[in-house]
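Asker:
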Ligand code: SAH
Ligand code: AVI
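In this note's numbering, the protein residues as written are 10 to 361.
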């Protein structure tokens, strides 16, 4: 039962367990099938971006982060390498909770800084990808004897009810994953994090800033074609898990900047007509030649607007760190108590 989760999590931390599964995480095939059916029934068609991250998708994302065109990861990593100690000096010792942690590679800078000044640091990575979480906790155990990892395999929303028991803490949300939410989802996300985070706790947010369109578009159209494989894997997953028979060669990866919506849009364009049949629902969806399906958005930010928005949700900027080119920002925010935020009942993950 969902309400048991905070108690179950407390026990897991006490016993030193490395991984806990949040309720409803082992999604039935039906949940994926329904999500795909919802997006393919709409006009224009879309798909929920969180299903990009099965085991293959998580590995492909890691490969994307190593591409020369994909500047966000190396820019943010350099900021963390330079400023993790400064961040720790502001926050003091904290439990570190990371939402959408993936392989936790960049987080090692923070773990190094926080474990330098405390006998033991508790690190709680949260991710829908259990393979990424397992790899991460193995790597951290090898590098940091004084860090306890108790991960949560689940969605961001499923982990928020445990935050109250982890204070004093710093919640971390890196990679500009916030950009994968649309405006309404972003508002719901701020509200939910603020609603569960006690006053005086910190929130470290990585945000990709608006820049030259060519630089942004190149990051999502790498020459080695890894991002195209990431897009393709969504449809391979539909074939694998839902018994469909999509011709993967019919798909072209398209990633372009939308100046109106100030976001990258990642789409799959079909060259040939296809029928996507979903066995468990016994439903078929027709795709016309030239039709595009929106898989993901990646919004880019303007710092003053972002800081103002965060303040309205009870987060005060303690410091902002940016690189020399002003491409990426790390915002260190403190949850202030003069704004009372009630959490929204649910976080959705609709890309549109
Ligand atoms: N923080 C890492 C990984 C970013 S990729 C970095 O900065 O490089 C986004 C991560 O969020 C993936 O590991 C994916 O599995 C996870 N994710 C996506 N949607 C999620 C959701 N709704 N709840 C929890 N994790 C999610
Ligand atoms: C995880 N997220 C922040 C990445 C991004 O840049 O929006 C996902 C991604 N999709 C394609 N390339 C990277």
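No residue lacks a Cβ here, since even glycine has one placed at the ideal position from N, Cα and C.
I think residue 344 touches residue 324, with their Cβ atoms under 8 Å apart; what is that distance to the nearest whole Å?
Answerer: Separation of the CB atoms of residue 344 and residue 324 is rounded to 6 Å, and the pair is thereby assigned contact status at 8 Å.
Asker: Helix, strand or coil: which one does DSSP assign to residue 358?
Answerer: Confidence is the limiting factor: at residue 358 the pLDDT is only 47, short of 50, which leaves the residue's position unreliable, though a coordinate-based value still follows. Residue 358: coil per DSSP, three-state reduction.
Asker: My understanding is that residue 264 touches residue 226, with C-beta atoms under 8 Å, so please give their C-beta distance in whole angstroms.
Answerer: 7 Å
Asker: Using a Cβ-based criterion (distance less than 7 Å to any ligand heavy atom), does residue 136 qualify as near the ligand SAH?
Answerer: yes
Asker: Which two residues bound the contiguous alpha helix (DSSP H) that contains residue 301?
Answerer: For residue 301, no alpha helix (DSSP H) segment is defined; the enclosing uninterrupted segment is the beta strand (DSSP E) at 301-308.
Asker: Confirm the yes/no value for this check: CB of residue 260, any heavy atom of the ligand AVI, distance under 7 Å.
Answerer: no
Asker: In this structure, how does DSSP classify residue 80 when only helix, strand and coil are distinguished?
Answerer: It is helical.
Asker: Within 10 angstroms of the Cβ of residue 273, are there 16 or more other Cβ atoms? Answer buried if so, exposed if not.
Answerer: buried
Asker: Distance check for residue 257 and residue 210, CA to CA, integer angstroms please.
Answerer: 46 Å
Asker: Please report the residue range of the beta strand (DSSP E) in which residue 182 lies.
Answerer: Residue 182 -> beta strand (DSSP E) spans 178-182.
Asker: DSSP state of residue 60, grouped into three classes?
Answerer: helix
Asker: Taking residue 326 as the reference, give the member of 313, 294, 42 with the closest Cα.
Answerer: 313
Asker: Is residue 302 near the ligand MN, with its Cβ less than 7 Å from a heavy atom?
Answerer: The model depicted lacks the ligand MN and carries the ligand SAH and the ligand AVI instead.
Asker: Around the C-beta of residue 284, are 16 or more other C-beta atoms found within 10 angstroms, so that it is buried, or is it exposed?
Answerer: exposed
Asker: For residue 190, name the three-state secondary structure that DSSP assigns.
Answerer: coil
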